[in-house]
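Residue numbers (our numbering), protein chains in the order written: chain A, 3 to 358; chain B, 3 to 358; chain C, 19 to 358; chain D, 19 to 358.
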Amino acid sequence: MREMTYAQAIEDALMQAMASDPRIVVFGEDVHAIRMNLFARFGESRVRPTPISESAFLGAGVTAAMGGLRPIVEIMMVDFVAVAADALINHAAKVEAFSGGRWKVPMVVRIACGGGYGDGGQHEQALWGLLAQVPGMKVVVPSNPADAGALMLSAIEDEAPVLFMEHKLLADYWLDYLADGGRTGLDYQVPEAGARGVVPDTWGSIPIPAAQVLRAGRDLTMVGVGVAVHRCLEAAERLAELGIDAGVVDLRSVSPLDVDTVCAELAKTQRLLVADEDYKHFGLAGELAAVALEAGLQPAFQRVCVERTIPYDRRREVEVLPNAARIVDAATMLMSARTPSPLSVTHTSHSRSPGH
Amino acid sequence: MREMTYAQAIEDALMQAMASDPRIVVFGEDVHAIRMNLFARFGESRVRPTPISESAFLGAGVTAAMGGLRPIVEIMMVDFVAVAADALINHAAKVEAFSGGRWKVPMVVRIACGGGYGDGGQHEQALWGLLAQVPGMKVVVPSNPADAGALMLSAIEDEAPVLFMEHKLLADYWLDYLADGGRTGLDYQVPEAGARGVVPDTWGSIPIPAAQVLRAGRDLTMVGVGVAVHRCLEAAERLAELGIDAGVVDLRSVSPLDVDTVCAELAKTQRLLVADEDYKHFGLAGELAAVALEAGLQPAFQRVCVERTIPYDRRREVEVLPNAARIVDAATMLMSARTPSPLSVTHTSHSRSPGH
Amino acid sequence: MQSDGAGLYALMLRSRRFEEAVADLWSAGRISAEMHLSIGEEGIVAGVLQHLVDGDAMALDHRGTAPLVMRGVDLVSLLREFLGEPDGLCHGMGGHMHLFAPELLAASSGIVGASGPAACGFALAHQHLRPNNVAVAFFGEGAMNQGMLMESINLAAVWSLPVVFVCKDNGMCITTPAKKVTGGDLCQRAEGLGAFAISVDGSDVQAVASHAEKAIRRARRGHGPSFIHATCKRPDGHFLGDPLLRIVRNPVGELKSKVGPLAKAAASVQGASVGRRAASLGSVAAMLTRAGKMHLAGHDPVIRQAKRLTSAEREVVEATVREEVAAAVRAAIDSTEARA
Amino acid sequence: MQSDGAGLYALMLRSRRFEEAVADLWSAGRISAEMHLSIGEEGIVAGVLQHLVDGDAMALDHRGTAPLVMRGVDLVSLLREFLGEPDGLCHGMGGHMHLFAPELLAASSGIVGASGPAACGFALAHQHLRPNNVAVAFFGEGAMNQGMLMESINLAAVWSLPVVFVCKDNGMCITTPAKKVTGGDLCQRAEGLGAFAISVDGSDVQAVASHAEKAIRRARRGHGPSFIHATCKRPDGHFLGDPLLRIVRNPVGELKSKVGPLAKAAASVQGASVGRRAASLGSVAAMLTRAGKMHLAGHDPVIRQAKRLTSAEREVVEATVREEVAAAVRAAIDSTEARA
Ligand SMILES: Cc1ncc(C[n+]2csc(CCOP(=O)(O)OP(=O)(O)O)c2C)c(N)n1
Ligand SMILES: Cc1ncc(C[n+]2csc(CCOP(=O)(O)OP(=O)(O)O)c2C)c(N)n1
Ligand SMILES: [Mg+2]
Ligand SMILES: [Mg+2]
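(1) Does the beta carbon of C:Leu211 sit closer than 8 Å to a beta carbon anywhere in chain D?
(2) Work out the CA separation of D:Asp72 and B:Pro73 for me, nearest whole Å.
(3) Report yes if the C-beta of D:Ala64 is less than 7 Å from at least one heavy atom of ligand 1; otherwise report no.
(4) Hey, out of A:Ser22, A:Ile113, A:Ala95 and A:Ala291, whose CA is closest to A:Trp176's CA?
(5) Mind checking whether D:Thr83 and D:Leu101 have CB atoms under 8 Å apart?
(6) Out of curiosity, what's the CA-to-CA distance linking B:Tyr8 and C:Ala296?
(7) What does A:Glu321 reach in chain B if we use C-beta pairs closer than 7 Å?
(8) Say yes only if the C-beta of D:Arg81 is nearer than 7 Å to one or more non-hydrogen atoms of ligand 2, and no if none qualify.
(9) Which whole runs of the beta strand (DSSP E) in the stretch 224 to 290 of chain D are 3 residues long or more, in chain order?
(10) Excluding the five sequence neighbours on either side, which residues of its own chain have a C-beta within less than 7 Å of the C-beta of B:Pro356, listed in chain order?
(11) Identify the contact partners of C:Ser45 in chain B, using a Cβ-Cβ distance below 8 Å as the criterion.
(12) State yes or no: is the C-beta of D:Gly316 nearer than 7 Å to some heavy atom of ligand 4?
(13) What residues are listed by DSSP as bridge partners for A:Pro73?
(14) When you compare only the Cα positions, how much space is there between B:Met68 and B:His34?
(15) With the cut-off set at 8 Å, would you say D:Gln323 and D:Gly23 are in Cβ contact?
(16) Could you tell me if the beta carbon of B:Cys307 falls within a distance shorter than 7 Å of some heavy atom in ligand 1?
(17) Mark A:Met154 as exposed unless 16 or more other C-beta atoms lie within 10 angstroms of its C-beta, in which case mark it buried.
(18) Under 7 Å, CB to CB, which of the residues in the stretch 95 to 117 of chain D have a partner in chain A?
(19) Determine which residues of the stretch 123 to 144 of chain C have a Cβ less than 9 Å from any Cβ of chain A, and write them out in chain order.
(20) For the stretch 88 to 104 of chain C against the stretch 168 to 175 of chain C, do three or more pairs of beta-carbon atoms, one drawn from each stretch, fall closer than 8 Å, so that the two count as touching?
(21) Please look up how many angstroms separate the CB atoms of D:Phe214 and D:Arg236, rounded, as I've assumed it's under 8 Å.
(22) Taking the beta carbon of D:Val292 as the centre, do at least 16 other beta carbons fall within 10 Å, making it buried, or is it exposed?
(23) Looking at chain B, which residues of the stretch 161 to 177 of chain C have a Cβ within less than 9 Å of any of its Cβ atoms?
(24) Report yes or no: do three or more beta-carbon pairs, one from the stretch 55 to 63 of chain A and one from the stretch 31 to 48 of chain B, lie closer than 8 Å?
(25) Apart from the five residues on each side of it in sequence, which residues of its chain come closer than 8 Å, Cβ to Cβ, to D:Ser33?
(26) Say yes only if the C-beta of D:Met162 is nearer than 7 Å to one or more non-hydrogen atoms of ligand 4, and no if none qualify.
(27) Could you pull the DSSP bridge partners for A:His169 from this structure?
(28) Confirm, please, whether the CB-CB distance from A:Gly187 to B:Phe284 is below 8 Å.
(29) Under a three-way DSSP split, which group does D:Phe183 fall into?
(30) Below 6 Å CB to CB, which residues in the same chain sit around A:Val347 once its five sequence neighbours on both sides are set aside?
(31) At a CB distance below 7 Å, what residues from the stretch 54 to 68 of chain D approach chain A? Give them in sequence order.
(32) Could you tell me which residues DSSP pairs with A:Thr7 in its beta bridges?
(33) Taking the CB atoms as reference points, tell me whether B:Leu336 and B:Leu275 lie closer together than 8 Å.
(34) Go ahead and label A:Ala277 buried or exposed: buried means 16 or more other beta carbons lie within 10 angstroms of its beta carbon, across all protein chains shown.
(35) Just to check, is the beta-carbon of C:Gly158 closer than 7 Å to a non-hydrogen atom of ligand 3?
(36) Considering only C-alpha positions, which residue in the set D:Cys250, D:Arg252, D:Glu231 and D:Lys274 is nearest to D:Ser244?
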């Protein structure tokens, strides 16, 4: 067991994977600098900086994978996926289906995402719910170093395209580049347990989906990914002081969703709180409501999400993102909404079991 | 009152609007041919064909609107929005917020969408749920001529960007161009009431959102947009024969959602069936589950949506789309799932009232 | 690989006859929706593809039939795909705009411009895994205005990717004359993106073949991408059942539903000035006139090549092709009928 | 509009002093996150903007401060925006990459390349509503590889839109040398898209102004778009706190956390050949060397222009600008302090 940062964990897992599989290549803007250590070790042919041409190089990633490589394509921020969405929506996600299952696209797209450091609404989006809509792609959003390294391996090993979404508040170098720029003393409410933690000596993948119950709770179940998971944990502490026993589930992957784990928790609590840094409507939060209902559960439901364009002003930004205070409020409302009725319907299984 | 086709209704409403407001301009690929009548009447300066450069001309639409025009930008099929998604996600949807509310984007994006005629998975998507995720845009999906014309006016009058999504199975000229190509005798299960109908002599806009209860039902509430609405109506007839009284709500707009109308129906039936031609997960169907739970309702829930890449083969395509048979099956399951509990919680209002 | 004149003729004729058979099946209602053929473009496709070897890749657009046929895809399996059958090339899932043949490293897309990035990805995989192989991208001149295609020429240039970008210029983007929507010159544009650019008359397959040879040699040697701009005529318009061609061919029948509204619109009070309306009607008329001129005339690459052969050479090829295509159609239909 | 030498100097100096004040506020932690300045590019911006008149529009990229300042935006309101205050230019909602000024028809975007389509849209509105006005797009040379920007040059060409596309070429895209990722020649590329192309030394504001005059005249007359390619140096790197510059300026402090892993990575068993690793390390070293050379030296447009003025002329401008900027900073900060 070692301790490392979220960013180091991803790099370390990549080092391990790239050393053992020469088909893995990394490309994206500025990767010679952003991935300097990989660049130094594996050389420019495997770690290639690109022009600012996301459509071309993400599209190229799809056929590079079809041509036998295991490309890891970097899109600097998920907001910029919008200029190249075609490569994902109409190509990466569909080749397997179009080819009658004969051709797969084992591509990883590594993308920084998330807000909380004052960069404004075009640079801090989450968008995992939007990307998860398209059948044929997987979306993982690790919340801590151990998961980050392991899910990177899972993503690489997967025969389907996987979007690996790395939160900028957890990856110290992004925060240094984009937020601090060498300044000190600025506070971004970085969740410590997400930014640094214990990791295994040798990386192994974890199955997708494999949600993790980080905290069992009798009264309500809080569900999220990425930074929101830590906000939930913080809220759970505060709720405990109020006598409310709140559980926390880290989904780890948005798509596919680990419906079984979520529903097993919900069956106990009958109360669902989704904390999501992505947009409120038509996304992850709604999907969780649907899968609960489909499982025959009738949870009381609250969602704490981003409801509008993220403001530039740090003070308003913090209010708009799912923070512990908002989560506590929503949880309190959930508790007062109604007493859960005794469990009358057993939930039916909807996805393969989480495997842990 | 006149009778016209879905396509004629849109053209007629546009004729009316363009004649009275010289700021309305139309541009997109091949509009001189596809909108030949508008072209003949209003001339090339107001009806301009574009290069196959969706990013450029959709992006231009945003600032054209900011610069004082009322542009109607045509994207031939919603699948192609993927190459220009940035203009919508990062620009059209965000300018009002970014400018502190000082600048609006009164742009209409007219987009053909939907499947059921054998064109394959990259040309038949719905994608309204994906587009609806981003705060700052509206999405309307008319299901019949009267709504199509009226919603086109609503879209033009709106100060926010509105995506006007026109179903290819309802618009006869699309079906002729893309599916028949002059051939006769091919069957696409075109819903008659959607393709042709009575329209007002003079067009007036309808408020957005303004869902319409097309059929009241005691036992369950079926909700959808576009062609799926007609599939629901068809299913409702069959269900009536089975003694099941199913209601049908045409949302007409995906975003914003008319939560009040949906929940008012649901409060009566306690059973929600979403029939959606869009992808199943993380989209409209999930959102409807969420708004029901948020309203304190605990409906039994089923969704009949597209679960994978749409197959080219017509026979499999028909199975994958929400057809009446699938809807009837899901409705039957809903009925057997459980008897609705007596209404214990009144639903709270979540959006402005539907206005009709 | 066929490098002689008769070989080129055979490649083209095979595609032509096959696409004619496809058109028949489509007309009979056995193939659904859009069907874009390459009839008239065979000189370009054959001239390039004759230089390909095992391991080379193809990125195709919405006109993928001809390239696949010329690369030797199983004809029956391709037809079965068009018929939407589970034993088709893509198990009936892709259909004619989404054709994939992993064994040929051939991938298609119905998204205009997408063959550019796709060729780059194949070429990148070649650089790592198959250093002597190349990737060819086929697309129309309209696609040259799609950003991702321009981006991909630049990407290929700066990474010295072994890509040959082949622009089949028929002068039309569905109903829009390319001239009207294209600024500058396409070869200059490609050069400004770092590619080696070549212009050629696409109806002369031998001319295409000799230019393509240079481009492919450059690519195999690691000298980076080329751009081949080749002109052609396409007698079937944009796709089978092209509405403009229908009007031209059956003006009375097709126009009766269209002329009324058009005349009414053009004459309505409120609207553009009389001059502008006249210009619009002029444009519509010109569009139909252009459509009326969409025949191959002297530009049929198959006929041009036929003239270079002896009648004996021609007859051998024609007989073989006729037989092969007929057998494929028979087999494709028979197995459907057998199942029914 | 300032058309004399002193006027150009005033435009540039105002922007320079203002951005220096912004840098101070940023360093003090009062402005959040990324801050991209235009220091070093003022010659290009001033040379173009001095020709604008009321009703002209600007489409800006992530370096919008200088153009807005030179177009006369209220300095206090701009600073208040950077401070995230509700009374800022965009009510604190946009921040420095998303600046909007409807009264100036000025819109920004942090999405590389987006200023191209944005300028086309403004220009289209001009064609209909303000026939003598133009739209200017500012962007870097890296943005020229973004498809939507190339598309927009073509769109402007075929619609004869009154757009002036201004490429500020500092040779770098964040840490990537433009040469490494750009094929061909940018002026040739723009011509291949149908624009009239001009190349100019951007550190000479008068040269820029005289070329821009031509481009803008063409646009106003309805002769379509131009592309101005102007070179510049930017001493602050990509953004404030640029990590490369931090390493260069404080190698010991910054490298201690980076050199260890780098050396370890470069020496690990398994990986590229020794030659390739050496090449990688060489690239890293070259990158830092380039960063070390990011100073204006003889290329400071402000100093170059100052030399063309008499010391009396200079002093008047300098005193006015100093006073104006200081007053703006004071006012912006005071109102925050007053509220606190
Ligand atoms: C991104 C995108 N936009 C629009 C379309 C619709 N479309 C299909 S083919 C076509 C015209 C293509 O013209 P060109 O590239 O010249 O090819 P051609 O059909 O003439 O071979 C268009 C606009 C599309 N498929 N994809
Ligand atoms: C579509 C997109 N891709 C990537 C980025 C990240 N990014 C911001 S600025 C920049 C470099 C831009 O280089 P250039 O166009 O030369 O402008 P400069 O910063 O040198 O002025 C990049 C890659 C972005 N903002 N948008
Ligand atoms: Mg063409
Ligand atoms: Mg630059």
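In this text, a Cβ means the ideal position worked out from N, Cα and C, and glycines have one as well.
So, from the data block:
(1) Answer yes: the Cβ-Cβ gap between C:Leu211 and chain D drops below 8 Å somewhere.
(2) The straight-line gap from Cα to Cα measures roughly 23 Å.
(3) No, Cβ of D:Ala64 sits at least 7 Å from all heavy atoms of ligand 1.
(4) Checked all of A:Ser22, A:Ile113, A:Ala95 and A:Ala291; the closest Cα to A:Trp176 is A:Ile113.
(5) Against a cut-off of 8 Å, the Cβ pair of D:Leu101 and D:Thr83 comes out as no contact.
(6) The C-alpha of B:Tyr8 lies about 28 Å from the C-alpha of C:Ala296.
(7) What A:Glu321 touches in chain B: nothing, since even the nearest Cβ is about 14 Å away.
(8) At least one heavy atom of ligand 2 is nearer than 7 Å to the Cβ of D:Arg81, so yes.
(9) Whole beta strand (DSSP E) segments, 3+ residues: 244 to 249.
(10) Note that B:Pro356 scores a pLDDT of 35, beneath 50, so its modelled location is shaky; the value from the coordinates is reported in the next line. Within the same chain, Pro211, Ala212, Ala213, Asp260, Asp262 and Thr263 come within 7 Å of B:Pro356 by CB-CB distance, once the 5 residues on both sides are set aside.
(11) Within chain B, the residues whose beta carbon sits less than 8 Å from that of C:Ser45 are Arg185, listed in sequence order.
(12) Because no heavy atom of ligand 4 lies under 7 Å away, the Cβ of D:Gly316 does not count as near it: no.
(13) The partner list for A:Pro73 (beta bridge, DSSP) reads A:Val27.
(14) Per the coordinates, the alpha-carbon of B:Met68 lies some 25 Å from the alpha-carbon of B:His34.
(15) Yes.
(16) For B:Cys307, the Cβ stays outside the 7 Å cut-off from all heavy atoms of ligand 1.
(17) Buried: at least 16 other Cβ atoms inside 10 Å.
(18) For the stretch 95 to 117 of chain D, which is checked against every Cβ of chain A, the residues closer than 7 Å are Gly102, Gly110, Met111, Gly112, Gly113, Met115 and His116.
(19) Per Cβ criterion, the list reads Leu123, Ala125, Ser126, Ser127, Gly128, Ile129, Gly131, Ala132, Gly134, Pro135, Ala136, Ala137, Cys138, Gly139, Phe140, Ala141, Leu142, Ala143 and His144.
(20) Verdict: no, contact absent.
(21) Indeed they touch by this definition, with Cβ atoms about 6 Å apart.
(22) Flag for D:Val292 reads exposed.
(23) When CB distances to chain B are screened at a threshold of 9 Å, the residues of the stretch 161 to 177 of chain C falling below it are Ala161, Met162, Asn163, Gln164, Gly165 and Met166, in chain order.
(24) For the pair of segments examined, the stretch 55 to 63 of chain A was found not to touch the stretch 31 to 48 of chain B: the number of CB pairs separated by less than 8 Å stays below three.
(25) Ser56, Glu60, Val63, Ala64, Thr83, Ala84, Val87 and Met88, listed in sequence order.
(26) Relative to ligand 4, D:Met162 has its C-beta separated by 7 Å or more from all heavy atoms.
(27) Paired residue(s): A:Cys115.
(28) No, the Cβ-Cβ distance between B:Phe284 and A:Gly187 is not below 8 Å.
(29) Residue state, collapsed to three classes: strand.
(30) Legend: pLDDT at A:Val347 = 38, less than 50; position of this residue unreliable, no value from coordinates given.
(31) Listed in sequence order: no entries.
(32) DSSP lists A:Arg198 as partners of A:Thr7.
(33) At the C-beta level, B:Leu336 and B:Leu275 come within 8 Å of one another.
(34) Buried is the call here.
(35) True, at least one ligand heavy atom lies under 7 Å from that Cβ.
(36) With distances taken between Cα atoms, D:Ser244 lies closest to D:Glu231.
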